[in-house]
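**Q**
Residue numbers (UniProt numbering): 1 to 143.
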């Protein structure tokens, strides 16, 4: 079993309105996530995040993926949650403009390479990315 050790300050709070929040800080790096318990389509989630936070989250490293994964393990959260990953043209892009330098697709997965219908990205509770139908209503992660 692989263990990752890093020095971090993690503050986790749960509010009465069902909004989960984490703040990870180490060095000059800060990563703030919000998981909302309202289910929305990918487009609705994007709009909500941009109106109330910054954007749907991008996951640019193993550390960011693990932090996001820890936030979605609640029983009330869907098996997968929307992230800011979208297939446009001929490639997957982060909607906030971050380059796609880190990937977490399941090993051997081919479906994401040229999706016909499932063109929105989700993070599963197992920690993998999935391409999913954008009209499905899921929980989502904002930052």
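From the three backbone atoms N, C-alpha and C, an ideal C-beta is built for every residue, glycine too.
Is the separation between the beta-carbon of residue 58 and that of residue 83 shorter than 9 Å?
**A** A contact, by the Cβ cut-off of 9 Å.
**Q** Is the Cβ-Cβ distance between residue 81 and residue 35 less than 9 Å?
**A** Result yes, Cβ atoms of residue 81 and residue 35 sit closer than 9 Å.
**Q** Report the residue from 76, 117, 70, 114 whose alpha carbon sits nearest the alpha carbon of residue 123.
**A** Per the Cα distances, 70.
**Q** Could you name each continuous alpha helix (DSSP H) segment of 4 residues or more that falls completely within the UniProt domain "C-type lectin" (26-143), going from the start of the chain to the end?
**A** 42-52, 62-71, all fully within the UniProt domain "C-type lectin" (26-143).
**Q** In chain order, what residues of the same chain have a beta carbon less than 8 Å from the beta carbon of residue 98, not counting five sequence neighbours either side?
**A** Within the same chain, residue 98 has close Cβ partners 58, 60.
**Q** Nearest to residue 132 by alpha carbon, out of 37, 38, 67, 92?
**A** Comparing Cα positions, the closest option is 92.
**Q** What does a CB cutoff of less than 6 Å around residue 115 pick up in its chain, not counting 5 residues either side in sequence?
**A** So the qualifying residues of the chain are 87, 131.
**Q** For residue 89, does the count of other Cβ atoms within 10 angstroms reach 16, so buried, or fall short, so exposed?
**A** Exposed, since its Cβ has fewer than 16 Cβ neighbours within 10 Å.
**Q** Would you tell me roughly how many angstroms separate the C-alpha atoms of residue 120 and residue 128, rounded to the nearest one?
**A** Looking at the two C-alpha atoms, the distance is approximately 14 Å.
**Q** Leaving out five residues on either side along the sequence, give the residues of the same chain with a beta carbon under 7 Å from the beta carbon of residue 45.
**A** 56, 82, 140.
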